[in-house]
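To start, the structure itself, in structure tokens.
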Amino acid sequence: MNELQEIVTFEELRIARASLPEPVGFVPTMGFLHEGHLSLVKRACEQSASVVVSIFVNPTQFAPTDDLDAYPRDLERDRELLREAGVDLLWIPTPEEMYPPGFQTWVEAEKITKPLEGAKRPGHFRGVTTVVAKLFNAVQPQMAFFGQKDAQQVAVIRRMVRDLNMPIEIVASPIIRERDGLAMSSRNTYLNEAERQAASVLYKSLLAAQSAYKKGERSADSLRRVMEGIITDEPLARLEYISCADYDSLEELTVVSGKTLLSLAVYLGRTRLIDNLVFG
Ligand code: PAF
């Protein structure tokens, strides 16, 4: 089995990083790893000569009302999974070192963080870009791996990497789905049986819009309406947003021409689920 080296401080990372074979692949996480994370790690191991994983529950991307201490953690299990997966370096920075006293330097992408998830979670993406920029700066990977499930996060990080001229390839790994198409998420466990059955409606609506697109529909409004119709037909589902946007800028489209991101957020009972699909 692989030797998993574990480090905490930025200085330890700098020293360990110097002897890692290149290219280095990096998977930033907040821990409590699930199949989605492991698929990113697997891909990183396949595509890189060495792999660094960070576990850091980033306080600045949570709302002040969120209970940070309630965020699930299981370091023992995470360690074991990463060792089995063949990761070389596990970095678990402390909040004190990540955000030293008097911290006031932020990395913020503007327009792209305003719609969709950004509209519901003000300040969230500022926390994400700041911590990811700090992690990238320290790890200096050639490639970094993110899940396509958080499509806006991927788009925002790609924007940041372009804007700050970071020589890092952002690799987005496909969404891992249950048999009925429901995107895997730790939140799925909050669904009761009826909600769990109804939850496949998100993917069904995306597939229906994709099928309309394949048949030649190019009006973004029509594609949104196709999705909306399917969600509103499901009595347990409450729609929060539906989007048909440009894949890179996340600007809402009138006519679909290039690479397009269909995305939506839906409540089933008290559980908020998101999903998306890319085409074009
Ligand atoms: O997707 C996540 O787990 C987090 O947003 C990330 C990228 C690790 C930054 O804290």
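Number 167 in UniProt numbering belongs to position 167 of the sequence shown; there are no gaps in the numbering.
Note that beta-carbon positions come from the ideal geometry of N, C-alpha and C, so glycine has one too.
- Taking the Cα of Val27 as reference, the smallest distance to any Cα among Glu76, Ser243, Leu40, Ala18 is reached at Leu40.
- A check of alpha carbon separations from Ala44 across Gly86, Leu4, Arg77 identifies Gly86 as the nearest.
- Per the DSSP secondary-structure output, Trp91 pairs in a beta bridge with Ile7, Ser54.
- Around the CB of Thr29, 16 or more other CB atoms lie within 10 Å, so the residue is classed as buried.
- The beta carbon of Val161 sits no closer than 7 Å to any heavy atom of the ligand PAF.
- Its Cα nearest to that of Ala155, the residue Phe125 stands out among Asn137, Phe125, Asn58.
- DSSP places Met227 in the uninterrupted alpha helix (DSSP H) bounded by 220–232.
- Spanning the alpha carbons of Leu191 and Thr254 requires a straight line of approximately 35 Å.
- Nearest C-alpha to Pro115 among Ile7, Glu252, Ala220: Glu252.
- Distances between the C-beta of Gln152 and the heavy atoms of the ligand PAF are all 7 Å or more.
- Between the region 260–268 and the region 199–212 there are three or more inter-stretch CB-CB distances shorter than 8 Å, so the stretches are counted as touching.
- Non-local beta-carbon contacts of Tyr213 in its own chain, meaning distances under 7 Å to residues more than five positions away in sequence, involve Leu223, Val256, Phe279 in chain order.
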